[in-house]
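Residue numbers (the working numbering), protein chains in the order written: chain A, 44 to 172; chain B, 44 to 172; chain C, 44 to 172; chain D, 44 to 172. Structure, as structure tokens:
Protein chains: 4
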Amino acid sequence: MMFQLDFRDKRPLYEQIKANIKELIISGILKSDERIPSVRELAQTLTINPNTIQKAYKDLETEGLIYSVRAKGSFVAPFNAAANPARLDELMSELEKILAELVYLNVSQEQAIAVVRNVYEKRGVKARD
Amino acid sequence: MMFQLDFRDKRPLYEQIKANIKELIISGILKSDERIPSVRELAQTLTINPNTIQKAYKDLETEGLIYSVRAKGSFVAPFNAAANPARLDELMSELEKILAELVYLNVSQEQAIAVVRNVYEKRGVKARD
Amino acid sequence: MMFQLDFRDKRPLYEQIKANIKELIISGILKSDERIPSVRELAQTLTINPNTIQKAYKDLETEGLIYSVRAKGSFVAPFNAAANPARLDELMSELEKILAELVYLNVSQEQAIAVVRNVYEKRGVKARD
Amino acid sequence: MMFQLDFRDKRPLYEQIKANIKELIISGILKSDERIPSVRELAQTLTINPNTIQKAYKDLETEGLIYSVRAKGSFVAPFNAAANPARLDELMSELEKILAELVYLNVSQEQAIAVVRNVYEKRGVKARD
DNA sequence: GTGGTCTAGACCACC
DNA sequence: GTGGTCTAGACCACT
Numbered sequence: 044m045m046f047q048l049d050f051r052d053k054r055p056l057y058e059q060i061k062a063n064i065k066e067l068i069i070s071g072i073l074k075s076d077e078r079i080p081s082v083r084e085l086a087q088t089l090t091i092n093p094n095t096i097q098k099a100y101k102d103l104e105t106e107g108l109i110y111s112v113r114a115k116g117s118f119v120a121p122f123n124a125a126a127n128p129a130r131l132d133e134l135m136s137e138l139e140k141i142l143a144e145l146v147y148l149n150v151s152q153e154q155a156i157a158v159v160r161n162v163y164e165k166r167g168v169k170a171r172d
Numbered sequence: 044m045m046f047q048l049d050f051r052d053k054r055p056l057y058e059q060i061k062a063n064i065k066e067l068i069i070s071g072i073l074k075s076d077e078r079i080p081s082v083r084e085l086a087q088t089l090t091i092n093p094n095t096i097q098k099a100y101k102d103l104e105t106e107g108l109i110y111s112v113r114a115k116g117s118f119v120a121p122f123n124a125a126a127n128p129a130r131l132d133e134l135m136s137e138l139e140k141i142l143a144e145l146v147y148l149n150v151s152q153e154q155a156i157a158v159v160r161n162v163y164e165k166r167g168v169k170a171r172d
Numbered sequence: 044m045m046f047q048l049d050f051r052d053k054r055p056l057y058e059q060i061k062a063n064i065k066e067l068i069i070s071g072i073l074k075s076d077e078r079i080p081s082v083r084e085l086a087q088t089l090t091i092n093p094n095t096i097q098k099a100y101k102d103l104e105t106e107g108l109i110y111s112v113r114a115k116g117s118f119v120a121p122f123n124a125a126a127n128p129a130r131l132d133e134l135m136s137e138l139e140k141i142l143a144e145l146v147y148l149n150v151s152q153e154q155a156i157a158v159v160r161n162v163y164e165k166r167g168v169k170a171r172d
Numbered sequence: 044m045m046f047q048l049d050f051r052d053k054r055p056l057y058e059q060i061k062a063n064i065k066e067l068i069i070s071g072i073l074k075s076d077e078r079i080p081s082v083r084e085l086a087q088t089l090t091i092n093p094n095t096i097q098k099a100y101k102d103l104e105t106e107g108l109i110y111s112v113r114a115k116g117s118f119v120a121p122f123n124a125a126a127n128p129a130r131l132d133e134l135m136s137e138l139e140k141i142l143a144e145l146v147y148l149n150v151s152q153e154q155a156i157a158v159v160r161n162v163y164e165k166r167g168v169k170a171r172d
């Protein structure tokens, strides 16, 4: 489980960490109940302050993507479709916003659908534990 | 041309202003070369500082969505497909990220494509100047 | 003698007018002692305020590029190399600044010299009445 | 890293600041990833308002010459040839304009080329990070 | 301490 | 009246 931080990125470091871990989870690289590095481990690996990792993990836990067991570590949460309908609404709204701008930029419906098919082909058949 | 600011929103005010005006432009409500409110006018309407509007307008201008003429006012920029290849890349990348998360949340490809068709139906045939 | 103004240009209108007339003179399209449009004529052609033209002409006269004869009109000044050594210094300084940035952007000396040759080829042999 | 502002200069202060820092970068005095003074530091040194520096830095960042890291400071961006094709076009166009006027002022092609060679000799072999 | 955002109030150039 | 620039002083998020 490795990723790098971009210190020139405008986003806060903890946002980058969240985004990276989230990507590892939704791409299926990290499986359900798999252990992820402890706060201290990751802080050392990335050479940043543990507080920053702490904040990222806490956020991910609130979002239902990971869970922590005291004295054991943090783990990938098993997928639960019903867990966050709010997140789904949010994504749909973002999706519509992006599509609207694509329409404005003269991207054809066919091109847009092609992107959808492409993503589903790449990620759709991945195993989910 | 009216919209409201949400002072509880965590985003900077000028970002909200940008987003609102952008939406008015890409939705076709504001037409090419149509005049938008002056910096002072809008500041008064929204009861915020003119500098904040100024910043939003300046940003929108560098993004190619509006143009400002000294002593005349600010106007919607005529659409220019070739103007913003970078923005298109950015949008495509965002699109893929959202779709990836939708895959993870078990949204079917058919549902995703339905959203695309829906947006194109609603906005695709709008007149452009 | 025609040119167009770009109202979206950030420069003041009178600067654009100056630049256009200057280009017509240095490119040899307007010859020495040739008459240029009166303030009123040009103002009407461009549909802008005569004061703006007035200011442009006054500036050009100060720079030695045109001269005005009361009740006759304005004319292209005959070329006089010794007239503005200051302008030459200014140009040389600008030239060096641009070249310095080209160096930084990895443009080769050969490319730069090619541009020089190209311009001289195009404009060098033009007749100067 | 020192320079002075000319308060009689007609250009905005932030433009002067930008020009000065740009010169330090393209001349190689400031190296890649080298830290430049913080907004507040420089404001104090020049005895002007921090907002003015902020604006200059922001502009330099969008031009790709520096990058800023929150809570860390601002730094010289590593050179990226592909980053700025638009700027190159702009410079070339300016170069041609200046050369055209030099032709008009009877500066010989040889003299112009000599200037080019001179600049490349002075700056061409500087180290880049 | 750093960059980023915001306000209030001011002056300038342009048309 | 319009956009553009500048100051002074303030608060916030981040590390």
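Backbone N, C-alpha and C fix where the C-beta goes; we use that ideal spot for every residue, glycine too. Being a predicted model, the structure only gives us computed values, none of them experimental.
Determine the burial state of residue i: buried for a count of at least 16 other Cβ atoms within 10 Å of its Cβ, exposed for fewer.
i: S117/D; result: buried
i: Q47/A; result: exposed
i: V112/C; result: exposed
i: Q87/C; result: exposed
i: I68/A; result: buried
i: A155/A; result: buried
i: Y110/C; result: exposed
i: I79/B; result: buried
i: I72/A; result: exposed
Can you find a CB in chain D that lies within less than 8 Å of the CB of residue i?
i: R51/A; result: yes
i: L148/C; result: yes
i: R83/A; result: no
i: Y110/C; result: no
i: R113/C; result: no
i: L73/C; result: no
i: L103/C; result: no
Hey, is residue i's beta-carbon within less than 8 Å of any beta-carbon in chain A?
i: A143/B; result: yes
i: Q152/B; result: yes
i: L173/B; result: Here chain B covers residues 44 to 172 and nothing more, so residue 173/B does not appear.
i: V158/B; result: yes
i: V119/B; result: no
i: Y163/B; result: yes
Strictly under 8 Å for the Cβ-Cβ distance: is residue i near chain C by that measure?
i: I91/D; result: no
i: A155/D; result: yes
i: A170/B; result: With a pLDDT of only 44 at A170/B, under 50, the local geometry of the prediction cannot be trusted, and no value is derived from it.
i: E106/D; result: no
i: E137/D; result: yes
Just to confirm my understanding: we take residue i, look at its own chain, exclude 5 residues before and 5 after, and list those with CB closer than 7 Å. What are they?
i: D76/A; result: F118, V119 and P121
i: N92/C; result: A86
i: S104/C; result: According to the sequence provided, residue 104/C is Glu. The question's Ser does not apply to it. The answer, listed in chain order, is Y110 and S111.
i: R166/B; result: S70
i: L89/A; result: L48
Is residue i a contact residue of the ligand FAD, with contact defined as CB to any heavy atom under 7 Å?
i: L108/D; result: Among the ligands in the structure shown, none appear at all, so the ligand FAD cannot be discussed.
Ignore the nearest five residues each way along the sequence and tell me which others in residue i's own chain have a CB closer than 8 Å to its CB.
i: Y57/A; result: T95, I96, K98, A99 and D102
i: D52/A; result: Q59
i: A157/A; result: none
Note down, in chain order, each residue of its chain lying with its Cβ closer than 6 Å to the Cβ of residue i, except the 5 sequence neighbours on either side.
i: S81/A; result: G116
Against chain B, with Cβ distances strictly below 8 Å, would residue i count as a contact?
i: R166/A; result: yes
Note to self: Counting beta carbon pairs with one atom in the region 121–138 of chain B and one in the region 145–163 of chain A, are three or more of them shorter than 8 Å?
What the structure shows: In short, these stretches touch, since the Cβ pair count reaches three.
Next item on the list: Check whether the region 95–103 of chain B touches the region 56–65 of chain B, counting contact only when three or more Cβ pairs, one atom from each stretch, lie closer than 8 Å.
Entry: Touching, per the Cβ criterion.
Item checked: Proximal residues, the region 57–71 of chain D versus chain A, C-beta separation under 9 Å -> Residues passing the 9 Å Cβ filter: none.
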